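Asker: Read left to right, the sequence shown gives residues 146 to 296 (the working numbering).
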Amino acid sequence: MRMIWRPLLLALALIAAGCDDMHQQVSFQPQEAPRLTAPAEAVPISGTERLEFGQKLSNPYPSTAQSRLLGQQIYAINCTPCHGDQKDYPSKAGGHFEPLPPNLRDGHLSQYDEATLFQMFSLGFGRMPPFQKRLSVADRWHLVNYLRSAE
Ligand code: HEC
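(1) Just checking my contact of ARG263 with ARG285 at CB under 8 Å: how many whole Å lie between their CB atoms?
(2) Tell me which same chain residues have a C-beta within less than 8 Å of the C-beta of ASP233, skipping the five on either side of it?
(3) Between PRO246 and ALA183, what straight-line distance do the alpha-carbon atoms span, to the nearest angstrom?
(4) From this set, ALA260, MET265 and PRO275, which residue's C-alpha is nearest GLN200's C-alpha?
(5) By a C-beta neighbour count over all protein chains shown, 10 Å radius and 16 as the cutoff for buried, is ILE219 buried or exposed?
(6) State the DSSP-derived secondary structure class of PHE263, mapped to helix, strand or coil.
(7) For a test of your reading of the model: does the CB of ASN223 fall under 7 Å from any non-hydrogen atom of the ligand HEC? Yes or no.
(8) Does the beta-carbon of LYS215 have 16 or more other beta-carbons within 10 angstroms, so that it is buried, or is it exposed?
(9) Assign ARG213 to one of two classes, buried (16 or more other C-beta atoms within 10 Å of its C-beta) or exposed (fewer than that).
(10) May I ask you to list the residues that DSSP assigns as paired with MET273?
(11) Is SER267 buried or exposed, if buried means 16 or more other CB atoms sit within 10 Å of its CB?
(12) Since PRO226 is in the alpha helix (DSSP H), which residue starts that stretch and which ends it?
(13) According to DSSP, simplified to helix, strand and coil, what is GLN176?
(14) Start and end of the alpha helix (DSSP H) containing LEU292?
(15) Could you tell me the alpha carbon to alpha carbon distance between ASN248 and ALA187, rounded to whole angstroms?
(16) Please classify HIS241 as buried or exposed, where buried requires at least 16 neighbouring CB atoms within 10 angstroms.
This is the structure in structure tokens:
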């Protein structure tokens, strides 16, 4: 019987000694220097955009001539392929949609407030792709200013 206990006690003594060694070793406590730097973009510090339909937003960009001109240029590059412009509706690509993408210059956009317009093309709407990742927040507000003036 005593023979069985001996190796067990020896094992326990070794484990206890091992634990003690680990406790003594050099280690860093949480929040203690030197701290490792986080991988790039692990913590967004420039702010991410959290956007959803129905969210209350106010346009931070006044509708100046410069803002509307910027919006017009952004519209020409990103929106005319489907929505066309005044002279060209429906546009070449847009003409393949059934039903056609709406004409954004016929005045019907006045039924939407600015936040809803911003959310529609930022998040995508029905068959329209989202532009949140393609256009900056500022560019999308310039677009709103342009669309409002082009009604
Ligand atoms: C790939 C084609 C395509 C592109 C590019 C596109 N749209 Fe659209 N858009 C559509 C279609 C199709 C609809 C209709 C969506 C539906 O009802 O399913 C639509 C709907 C809309 C609506 C809603 C209008 C309404 O009457 O309800 C707005 C606003 C709009 N688009 C703005 C834009 C803006 C601004 C851009 C450029 C940043 C843009 N779209 C680029 C295809 C496109």
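Where is the CB? At the ideal position from N, CA and C, for every residue including glycine.
Since the structure is predicted, the reported quantities are computational estimates derived from the model, not experimental observations.
Answerer: Looking at the atomic coordinates:
(1) This sequence places Phe at residue 263; Arg is not what is there. At roughly 6 Å, the Cβ-Cβ gap stays under 8 Å, so PHE263 and ARG285 are in contact.
(2) Within the same chain, ASP233 has close Cβ partners THR225.
(3) Distance between the alpha carbons of PRO246 and ALA183 is about 45 Å.
(4) Nearest in C-alpha terms to GLN200, of all of ALA260, MET265 and PRO275, is ALA260.
(5) The residue is buried, with at least 16 neighbouring Cβ atoms inside 10 Å.
(6) Three-state DSSP puts PHE263 in a helix.
(7) At least one heavy atom of the ligand HEC is nearer than 7 Å to the Cβ of ASN223, so yes.
(8) According to the sequence displayed, residue 215 carries Leu and not Lys. By the 10 Å Cβ count, LEU215 comes out buried.
(9) By the neighbour-count rule (16 or more Cβ atoms within 10 Å), ARG213 is buried.
(10) Partner(s): PHE270.
(11) SER267 is classed as buried because its beta carbon has at least 16 other beta carbons within 10 Å across all chains shown.
(12) Taken as a continuous stretch (DSSP letters only), the alpha helix (DSSP H) holding PRO226 covers 225 to 228.
(13) Coil, per DSSP.
(14) First-last of the alpha helix (DSSP H) with LEU292: 282 to 294.
(15) Each residue's alpha carbon lies about 42 Å from the other.
(16) The C-beta of HIS241 has fewer than 16 other C-beta atoms within 10 Å across all chains shown, which makes the residue exposed.
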